[in-house]
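Trainee: These protein sequence lines map, in sequence, to chains A and B.
Okay, so the first sequence: first residue is 54 according to the numbering used here, each after it adds one.
Okay, so the second sequence: first residue is 54 according to the numbering used here, each after it adds one.
Even glycine gets a Cβ: it sits at the ideal position worked out from N, Cα and C.
Here it is: the structure, laid out below.
There are 2 protein chains.
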Amino acid sequence: MSTLKDAMRRLGENARAASRILAGAGTAQKNAALDAIACALAREKNAVLAANEKDMECARAAGLEPALLDRLLLSEKGVENMAEGVAQIAALADPVGEMTDIRRRPSGIEVGRMRVPLGVIGIIYEARPNVTADAAALCLKSGNSAILRGGSEAIRSNQTIAALIRAGLEAAKLPPDATQLVQTTDRAAVGELIVMCEYIDVIVPRGGKGLIARLLAESRVPMIQHLDGNCHVYIERFADPDKALAIVENAKTQRYGTCNTAESLLIDQAVASELLPRIGKMLREKGVEIRGCAKTRALLPGALEATEEDYAREYLAPVISVKVVADIDEAIAHINHYSSRHTDAIVTEHHSHAMRFLREVDSSSVMVNASTRFADGFEYGLGAEIGISTDKIHARGPVGLEGLTCQKWVVFGHGETRR
Amino acid sequence: MSTLKDAMRRLGENARAASRILAGAGTAQKNAALDAIACALAREKNAVLAANEKDMECARAAGLEPALLDRLLLSEKGVENMAEGVAQIAALADPVGEMTDIRRRPSGIEVGRMRVPLGVIGIIYEARPNVTADAAALCLKSGNSAILRGGSEAIRSNQTIAALIRAGLEAAKLPPDATQLVQTTDRAAVGELIVMCEYIDVIVPRGGKGLIARLLAESRVPMIQHLDGNCHVYIERFADPDKALAIVENAKTQRYGTCNTAESLLIDQAVASELLPRIGKMLREKGVEIRGCAKTRALLPGALEATEEDYAREYLAPVISVKVVADIDEAIAHINHYSSRHTDAIVTEHHSHAMRFLREVDSSSVMVNASTRFADGFEYGLGAEIGISTDKIHARGPVGLEGLTCQKWVVFGHGETRR
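In structure tokens:
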């Protein structure tokens, strides 16, 4: 145990030392490393696929579930996409060094802020080996060291990818310890990572709700957390019916397994009898099960009864909870009670109601007349995304390069002293 | 124990409910409450002083240390300053509702950010009763509910002040539960507060390092933490000697007990023999004890030997550690190793060295040719300050109204669905 602790602390020390160099590295040098990594991934595609095939063999032998095997498997196209993803991150603007709001103060000093890397990011993720390249590249571009802890079933794939990343860093004369993979598959390593406050500035977990809830309960290091996505669409009484139908269809049925999929529909009682039958028909044609309140069931015979838990659930499946509400007050109160603070949308043509919804719904993304499926780093123009935060501290919603940085204060003086 | 837990959770529920109303309250209404509170504090000055006198009697009877008694005592002027502080917060710009960076995306949606309150802020503080008014006013202006937990020795003062605040909220037709004081002096209440993640969004501790370290070890709620202030002044080889002398004098000797006071002086070996004797003379005339490295002691006979711990210490006293360094590389490495990431300054006329120092020193405030004493919310133009964060997540350095808010994403659509 103490050997593991020592080994983890050594990773931490190496990461911290590398982060100092990375923080001072120029954009061109970081991009050279990213380009070298992208080339290496493309060039060594067969080595990555061979390592992944070994992981798959062991996983099959260990009797892993098909869904996990699916996430573990890398195709030739998958490795190419990984390389391309790294190259795309090289093309993004460097957030580091930006100075803003420099203002002259009555004392004579000029004060403002400078955007700098956080330092060391710990990434804890499950099966998908492409996270190794993706997360390492985002950390590198934002000037942070990364300590990567992938799933044990992907260890060979991850080791191969990490070795290529480290070679790319060296080729660009950056410290290879800017990207370190935890080599042991011992689960106790995770327990060490999440308490190494002196070496790790933030933990980004990428995985299921179970993983994140467990990490949250034990972590001493701040975490960019993403729990569930119980997203709502509220059709207000002044909604355009066609927009309402299109948005519900897209938000619920475009993909069932994503966190920005709508899981709950609220509809104003003034338009429920006119609109709900049309929406119910559409949902049924798509094979979506409806669980509703008494008023919903009166309008949609055959709909199941929604329980308290239904309103709080992220189904990640073709199921939706439906509630007829009296007005926008009830809708906002319901959402603020049941929502997971991920993404909630109103459909309305009423300006003041739209603006009230935007102001009062306490979620990381609030939308008017748009599908919740837009809550995504690429759709928002961040260029890439390391995760979606459902927390309020530091970063809310899709987290891109900027979320991996912070702002320090800079003071330009001319010999001023304080009176 | 379960009764205490229930009572604390009830505070949390009330605070959350009030925060929803506060988040939607307009600036004029919040300012009306602040003005009513300021007037009430001025009008009921004698009631506050009487409560404080009872606290003082009990504290004296309990044999509290003179330093604690000093912090507990409210003078007539003190209560007037408290009222004036609240009125000044009313005059600050409201950070809530600001929308920024709204951009049109290729999909047709317009995406940007809206600044909103965090929700519920827990403030845990020690003796000073003025924090009750100060923290409540900052939370109110930024649209947050506050749960205040003051020191048990100040309970009567705090109760009187909190009652005036609640009356002011009611006068402005805002929910009085926007400001709640923990009424019990049971220390277990603090233990409950710092784990009520569903009701409290952030904890702001205001007190000594001991309090904060203890809270940090146990808190499950994110914290705007401020540990120690081990601030450095580095006199680089291209420093202007007069600026160097003035800045060291001000940074070290203007006040000894503040967190932005310099505790350590680094000086380039190229100018040490010329400058250090002048600085040593000034420090000695001010009665500051010098603890230095071997080279320092050679130049300043009579200086004590600095140990490893000296370089890491926040003295809060007329003592300074001094080290002669080879160059800017050694200075930056020393600071990044020993500094508490609060505030560090370089004195130099060399542009590139100045900019390197600003970029590479990993502290919440980095300064060129200015006294570390400027690291302060008022000096930076924040108008007020709830604390200084030595953390990197969410807010760094002086935290004003903006640090009590976060930014959510807002999407303006026109019926768009995702492809």
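Mapping DSSP to helix, strand and coil, what is F410/B?
Mentor: On the second sequence, residue 410/B is found 357 positions in, with the first residue counted as 1. Correct three-state label for F410/B: helix.
Trainee: Considering only residues of the same chain and omitting the five flanking positions on each side of F465/B, which have a CB-CB separation below 6 Å?
Mentor: Taking the first residue of the second sequence as position 1, residue 465/B is located at position 412. Correct list, in chain order: E163.
Trainee: What are the residues that DSSP puts in a beta bridge with Y287/A?
Mentor: Residue 287/A sits at position 234 when you count from the first residue of the first sequence. In DSSP, Y287/A forms a bridge with L319/A, I399/A.
Trainee: Can you name the residues that DSSP bridges to I200/A?
Mentor: The sequence position of residue 200/A within the first sequence is 147, counting from 1. DSSP output for I200/A lists G175/A, Q233/A as bridge partner(s).
Trainee: Please list, in chain order, the chain B residues whose beta carbon lies closer than 7 Å to that of S424/A.
Mentor: Your numbering for residue 424/A matches position 371 in the first sequence. Going along chain B in sequence order, the residues near S424/A (Cβ under 7 Å) are E469, T470, R471.
Trainee: Report the three-state DSSP secondary structure of E438/A (helix, strand or coil).
Mentor: Numbered from its first residue, the first sequence carries residue 438/A at position 385. Residue state, collapsed to three classes: coil.
Trainee: Starting from the N-terminal side, write out each stretch of the alpha helix (DSSP H) that is 4 residues or longer and does not extend beyond the stretch 337–382 of chain A.
Mentor: If we require 4 residues or more, the alpha helix (DSSP H) runs fully inside the stretch 337–382 of chain A come out as 347–352, 361–365.
Trainee: Over what stretch of residues does the beta strand (DSSP E) that includes S418/B continue unbroken?
Mentor: Within the second sequence, residue 418/B is the residue found at index 365, counting from 1. Taken as a continuous stretch (DSSP letters only), the beta strand (DSSP E) holding S418/B covers 418–423.
Trainee: Hey, is D397/B's beta-carbon within less than 8 Å of any beta-carbon in chain A?
Mentor: Sequence index remark: in the second sequence, residue 397/B carries index 344 (1-based). So, not an interface residue.
Trainee: What is the C-beta distance between T443/B and H279/B, in whole angstroms, given that I count them as a contact (C-beta under 8 Å)?
Mentor: On the second sequence, position 390 is the one that residue 443/B refers to. On the second sequence, position 226 is the one that residue 279/B refers to. Right, their Cβ atoms sit about 5 Å apart.
Trainee: Pull up the DSSP beta-bridge partners for M276/B, would you.
Mentor: Along the second sequence, one-based indexing puts residue 276/B at 223. For M276/B, which the question treats as bridged, DSSP gives the partners I256/B.
Trainee: Can you give me, in chain order, the residues of the stretch 57–71 of chain B that have a beta carbon less than 7 Å from any beta carbon in chain A?
Mentor: Residues: none.
Trainee: Between the stretch 307–317 of chain A and the stretch 416–431 of chain A, do three or more beta carbon pairs fall short of 8 Å?
Mentor: A contact exists between the stretch 307–317 of chain A and the stretch 416–431 of chain A.
Trainee: Just checking my contact of D321/B with D380/B at CB under 8 Å: how many whole Å lie between their CB atoms?
Mentor: Here residue 321/B refers to the residue found at position 268 of the second sequence. Here residue 380/B refers to the residue found at position 327 of the second sequence. Yes, they are in contact, since the Cβ atoms of D321/B and D380/B sit about 7 Å apart, within 8 Å.
Trainee: Is it the case that the stretch 125–139 of chain A contacts the stretch 175–194 of chain A, given that we only count it when at least three CB pairs across the two stretches are under 8 Å?
Mentor: Taking 8 Å as the limit for Cβ pairs, the verdict is that the stretch 125–139 of chain A does touch the stretch 175–194 of chain A.
Trainee: Look at the Cβ atom of L125/A, then the Cβ atom of D108/A, and state whether they are nearer than 8 Å.
Mentor: Against the first sequence, residue 125/A aligns to sequence position 72. Against the first sequence, residue 108/A aligns to sequence position 55. Yes, Cβ-Cβ distance for L125/A and D108/A is below 8 Å.
Trainee: With DSSP as the reference, label K461/B as helix, strand or coil.
Mentor: Here residue 461/B refers to the residue found at position 408 when the second sequence is read from its first residue. The answer is strand: DSSP assigns K461/B an E or B state.
Trainee: Name the one or two DSSP bridge partners that T153/B has.
Mentor: As a position in the second sequence, residue 153/B is number 100, starting the count at 1. T153/B is bridged to R166/B.
Trainee: Using a Cβ-Cβ cut-off of 7 Å (strictly less than) and excluding sequence neighbours within five positions of S326/A, which residues of its own chain qualify?
Mentor: For this step, residue 326/A is matched to residue 273 along the first sequence. Once the five neighbours on either side are set aside, the close Cβ partners of S326/A are L352.
Trainee: According to DSSP, what are the bridge partners of A159/A?
Mentor: Here the question's residue 159/A lines up with position 106 in the first sequence. It is Pro, not Ala, that sits at residue 159/A in the sequence shown. According to DSSP, P159/A bridges with nothing at all.
Trainee: Can you check which of these residues, G355/B, A356/B, L336/B, A304/B, is closest to I399/B by C-alpha distance?
Mentor: Within the second sequence, residue 399/B is the residue found at index 346, counting from 1. That would be A304/B, whose Cα lies nearest to the Cα of I399/B.
Trainee: Taking only three categories from DSSP, how would you classify H447/A?
Mentor: Here the question's residue 447/A lines up with position 394 in the first sequence. Looking at H447/A - three-state DSSP - the assignment turns out to be coil, as it is neither helix nor strand.
Trainee: Indicate whether at least one CB of chain A lies closer than 8 Å to the CB of P258/B.
Mentor: Taking the second sequence and counting its residues from 1, the one referred to as residue 258/B is at position 205. No, P258/B lies away from the interface with chain A (no Cβ there is under 8 Å from its Cβ).
Trainee: Contact between the stretch 55–71 of chain B and the stretch 248–258 of chain B is defined here as three or more beta-carbon pairs at a separation below 8 Å; is this criterion met?
Mentor: Touching, per the Cβ criterion.
Trainee: Answer with yes or no whether the minimum CB distance from Y433/B to chain A is below 8 Å.
Mentor: The residue you call residue 433/B lines up with position 380 of the second sequence. Closer than 8 Å to some Cβ of chain A, the Cβ of Y433/B qualifies, so yes.
Trainee: Using 8 Å as the limit for Cβ to Cβ distance, is E361/A near chain B?
Mentor: Taking the first residue of the first sequence as position 1, residue 361/A is located at position 308. No, E361/A does not count as interfacial toward chain B.
Trainee: Could you check the C-alpha separation between E66/B and N422/B for me, to the nearest Å?
Mentor: By 1-based counting over the second sequence, the position of residue 66/B is 13. By 1-based counting over the second sequence, the position of residue 422/B is 369. Spanning the two alpha carbons is a distance of roughly 49 Å.
Trainee: Could you pull the start and end residues of the alpha helix (DSSP H) that C192/B belongs to?
Mentor: Translated into positions along the second sequence, residue 192/B becomes position 139. Start and end: 183–194.
Trainee: Please list the partners that G466/A has in chain B, where partner means a Cβ-to-Cβ separation under 7 Å.
Mentor: In the first sequence, residue 466/A corresponds to position 413, counting from 1. Chain B residues near G466/A: M420, V421, N422, A423.
Trainee: In the DSSP assignment, find the alpha helix (DSSP H) that holds R471/B and state where it starts and stops.
Mentor: Sequence index remark: in the second sequence, residue 471/B carries index 418 (1-based). Element bounds for R471/B: n/a, residue is neither H nor E.
Trainee: Hey, is K376/A's beta-carbon within less than 8 Å of any beta-carbon in chain B?
Mentor: If you number the first sequence from 1, residue 376/A lands on position 323. It does not: the Cβ of K376/A has no partner Cβ on chain B nearer than 8 Å.
Trainee: List the endpoints of the continuous alpha helix (DSSP H) containing M109/A.
Mentor: By one-based count along the first sequence, residue 109/A stands at place 56. Per DSSP, M109/A belongs to the alpha helix (DSSP H) from 98–114.
Trainee: Where I300/A and L319/A are concerned, what is the direct C-alpha to C-alpha distance, given to the nearest angstrom?
Mentor: Position 247 of the first sequence, counting from 1, holds the residue named residue 300/A. Position 266 of the first sequence, counting from 1, holds the residue named residue 319/A. The straight-line gap from Cα to Cα measures roughly 13 Å.
Trainee: Rounded to whole angstroms, what's the CA-CA distance from L328/A to R290/A? Just pull it up for me.
Mentor: Against the first sequence, residue 328/A aligns to sequence position 275. Against the first sequence, residue 290/A aligns to sequence position 237. Rounded to whole angstroms, L328/A to R290/A spans 10 Å at the Cα level.
Trainee: State buried or exposed for E338/B, treating a residue as buried only when at least 16 other CB atoms are found within 10 Å of its CB.
Mentor: Along the second sequence, read from residue 1 onward, the residue named residue 338/B stands at position 285. Looking at its Cβ environment, which holds fewer than 16 other Cβ atoms inside 10 Å, E338/B is exposed.
Trainee: On the DSSP letters alone, give me the boundaries of the alpha helix (DSSP H) that I265/B sits inside.
Mentor: The sequence position of residue 265/B within the second sequence is 212, counting from 1. Run containing I265/B: 262–271, per the alpha helix (DSSP H) assignment.
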